[in-house]
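Worksheet: the structure to be examined is printed underneath.
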Amino acid sequence: MSLVLVINSGSSSLKYQLVDVEQGTWIAKGLVERIGEGLSRLVHEVRDADVVEVDMSLPDHAAALELVLDTFDGVGPPLDGLVAVGHRVVHGGPDYREPVIVDDEVEQAIEEIVPLAPLHNPAALLGIRDLRRLMPDVPHVAVFDTAFHATMPPEAYTYAIPADLAAEYRIRRYGFHGTSYRNVTRKAAAFLSTPVDDVNLIVCHLGNGASMAAIRGGRSVDTTMGLTPLQGLMMGTRSGDIDPAVVFHLVRVAGLTLDDVDAMLNKASGLKGLAGDQDMREVRHRAATGDTAARRALDVYAYRIRAYVGAYLAVVPGVQAIVFTAGIGENDAALRREVCGPLRHLGIHLDDDLNRSASSAARAIDDGTGTIRILVIPTNEEAEIARQAQEAVVALRA
Ligand code: ADP
Numbered sequence: 003m004s005l006v007l008v009i010n011s012g013s014s015s016l017k018y019q020l021v022d023v024e025q026g027t028w029i030a031k032g033l034v035e036r037i038g039e040g041l042s043r044l045v046h047e048v049r050d051a052d053v054v055e056v057d058m059s060l061p062d063h064a065a066a067l068e069l070v071l072d073t074f075d076g077v078g079p080p081l082d083g084l085v086a087v088g089h090r091v092v093h094g095g096p097d098y099r100e101p102v103i104v105d106d107e108v109e110q111a112i113e114e115i116v117p118l119a120p121l122h123n124p125a126a127l128l129g130i131r132d133l134r135r136l137m138p139d140v141p142h143v144a145v146f147d148t149a150f151h152a153t154m155p156p157e158a159y160t161y162a163i164p165a166d167l168a169a170e171y172r173i174r175r176y177g178f179h180g181t182s183y184r185n186v187t188r189k190a191a192a193f194l195s196t197p198v199d200d201v202n203l204i205v206c207h208l209g210n211g212a213s214m215a216a217i218r219g220g221r222s223v224d225t226t227m228g229l230t231p232l233q234g235l236m237m238g239t240r241s242g243d244i245d246p247a248v249v250f251h252l253v254r255v256a257g258l259t260l261d262d263v264d265a266m267l268n269k270a271s272g273l274k275g276l277a278g279d280q281d282m283r284e285v286r287h288r289a290a291t292g293d294t295a296a297r298r299a300l301d302v303y304a305y306r307i308r309a310y311v312g313a314y315l316a317v318v319p320g321v322q323a324i325v326f327t328a329g330i331g332e333n334d335a336a337l338r339r340e341v342c343g344p345l346r347h348l349g350i351h352l353d354d355d356l357n358r359s360a361s362s363a364a365r366a367i368d369d370g371t372g373t374i375r376i377l378v379i380p381t382n383e384e385a386e387i388a389r390q391a392q393e394a395v396v397a398l399r400a
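Per the numbering used here, the very first residue in the sequence shown carries number 3; after that it's consecutive.
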């Protein structure tokens with residue numbers, strides 16, 4: 003059995019999974035919440051065993067990681083013989099195109115990327131630093147959300163701003179959710195019995211954060227997120243695409259500060275901004291009871307996805323399938339209906355019964371008469387990080 007411990011550090015939370023790479027399944031997983039916010043809580047779950055909960059004060063990520071390791075020691079399973087620790091790092095900047103074994107130099111490079119991802123990378127860096135100290139004998143691998151999009155061509159990743167300024171400040175489209183896209187692309191290719199290097203897809207990763215990717219020959223050629231995860235689709239709390247002049251207007255006319263606008267666009271927009279709630283289930287429930295703001299939010303949400311489907315059909319010749327994944331993509335049949343229903347003229351023919359039948363398996367939900375399949379493929383980012391971390395270690399030893 004090859005075991006990899008996957009770590010996903012947020013600003014005040016820490017998620018982890020012990021993954022059996024061969025099976026692609028978790029052995030144990032957990033979550034520490036409210037780190038540095040008074041009383042923190044650890045929930046540790048071992049497959050086919052009880053869930054353990056610990057409430058205690060954890061001032062920082064180091065304390066949280068020590069508690070996690072103590073819990074593995076005391077409750078199990080033992081962390082002996084780990085192949086690697088895989089760290090999710092949101093932003094890899096322009097240079098990291100593949101997972102990388104972390105040494106002091108890589109740690110330094112991830113620190114230098116922090117200005118590009120101030121909301122996301124600092125926590126990952128803390129997790130890497132603390133765990134390298136606590137587990138010095140295991141290889142630590144950084145797996146970047148941006149890496150899968152490194153294959154985008156310049157015309158897709160270049161913003162039309164002065165080129166010298168963009169180069170100096172590394173401003174370009176990077177794209178995110180790459181670990182999920184890699185995982186789902188491989189599974190979709192297998193489902194379609196197509197070699198992964200030949201598969202052409204439009205993938206919609208619709209979770210709290212949401213983005214789409216255009217996949218040509220198994221590689222990303224465009225994606226909706228940009229320099230940061232704020233661009234593109236409408237999300238739980240993020241606006242997605244707006245005219246950048248909205249920012250100037252809010253600062254000059256509405257008197258907001260730049261920090262106010264930053265917080266508004268990242269945390270108070272999207273479903274939350276339009277409907278008052280960031281959770282899709284809640285918004286859908288409200289729309290069903292006649293709430294017109296919720297209905298408008300759902301319409302905007304689906305419209306934007308459809309518009310990007312159109313854009314990506316123009317970018318990728320011979321699209322074989324549109325793929326839905328993540329919390330909303332996998333579970334919200336009504337949303338899939340709202341996106342695909344009006345796309346019949348493009349050869350996208352939804353089967354309503356297949357769409358409504360709940361399942362956690364990879365499946366097709368088109369009626370077989372169109373030219374483009376519609377697939378629902380569950381994503382598994384932790385299994386993908388574990389797989390890539392193991393591959394990086396094997397490649398190093400070869
Ligand atoms: P994250 O980006 O945090 O990983 P997820 O992929 O878990 O997010 O997706 C969370 C979103 O999925 C939430 O908006 C939630 O309401 C939505 N969701 C989960 N289950 C359903 C469902 N059955 N119907 C509609 N939306 C759902």
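Positions of the beta carbon are idealized from the N, C-alpha and C atoms, including for glycine.
Pull up the distance between the alpha-carbon of residue i and that of residue j, whole angstroms please.
{"i": "Arg175", "j": "Met3", "result": "39 Å"}
{"i": "Val378", "j": "Ala168", "result": "37 Å"}
{"i": "Leu398", "j": "Ala391", "result": "11 Å"}
{"i": "Tyr98", "j": "Phe193", "result": "29 Å"}
{"i": "Met237", "j": "Pro156", "result": "26 Å"}
{"i": "Leu235", "j": "Asp224", "result": "14 Å"}
{"i": "Leu33", "j": "Leu7", "result": "13 Å"}
{"i": "Ala328", "j": "Leu352", "result": "19 Å"}
{"i": "Arg365", "j": "Asp52", "result": "32 Å"}
{"i": "Gln280", "j": "Gly272", "result": "7 Å"}
{"i": "Ala316", "j": "Ile374", "result": "14 Å"}
{"i": "Gly312", "j": "Ser213", "result": "15 Å"}
{"i": "Val70", "j": "Tyr314", "result": "43 Å"}
{"i": "Asp200", "j": "Val255", "result": "51 Å"}
Give every residue of the same chain whose Cβ lies closer than 7 Å to the Cβ of residue i, excluding the five residues on either side of it in the sequence, and list them in chain order.
{"i": "Val54", "result": "His46, Thr73, Val77"}
{"i": "Pro344", "result": "Arg308"}
{"i": "Leu252", "result": "Leu258, Val263"}
{"i": "Leu128", "result": "Ser11, His63"}
From the DSSP output, in three-state form, read off residue i for me.
{"i": "Gly32", "result": "strand"}
{"i": "Ser182", "result": "helix"}
{"i": "Val198", "result": "helix"}
{"i": "Ala256", "result": "coil"}
{"i": "Ala212", "result": "strand"}
{"i": "Thr27", "result": "strand"}
{"i": "Leu71", "result": "helix"}
{"i": "Gly278", "result": "coil"}
Run the CB neighbour count on residue i, radius 10 Å, all protein chains shown included, and call it buried at 16 or more, exposed below.
{"i": "Ser11", "result": "buried"}
{"i": "Pro19", "result": "It is Gln, not Pro, that sits at residue 19 in the sequence shown. So Gln19 ends up on the buried side."}
{"i": "Ile244", "result": "exposed"}
{"i": "Met227", "result": "buried"}
{"i": "Ser359", "result": "exposed"}
{"i": "Gln25", "result": "exposed"}
{"i": "Met58", "result": "exposed"}
{"i": "Ser241", "result": "buried"}
So who's on the other strand from residue i, going by DSSP bridges?
{"i": "Phe326", "result": "Cys206, Val378"}
{"i": "Ile217", "result": "Leu203, Ser222"}
{"i": "Phe146", "result": "Val91"}
{"i": "Ile9", "result": "Tyr18, His89"}
{"i": "Val45", "result": "Leu33, Glu55"}
{"i": "Leu352", "result": "Asp368"}
{"i": "Ile103", "result": "Val143"}
Excluding sequence positions up to five away, which residues of its chain have a Cβ less than 6 Å from the Cβ of residue i?
{"i": "Pro101", "result": "Val143, Val145, Gln390, Ala394"}
{"i": "Ala152", "result": "Arg99"}
{"i": "Gly94", "result": "Phe146, Thr148, Ala149"}
{"i": "Gly88", "result": "Val6, Val8, Val143, Val145, Ile387, Ala388, Ala391"}
Do residue i and ligand 3 come close, with the Cβ less than 7 Å from some heavy atom?
{"i": "Arg286", "result": "Questions concerning ligand 3 fall outside what the structure shown contains, since the ligands it does hold are ligand 1."}
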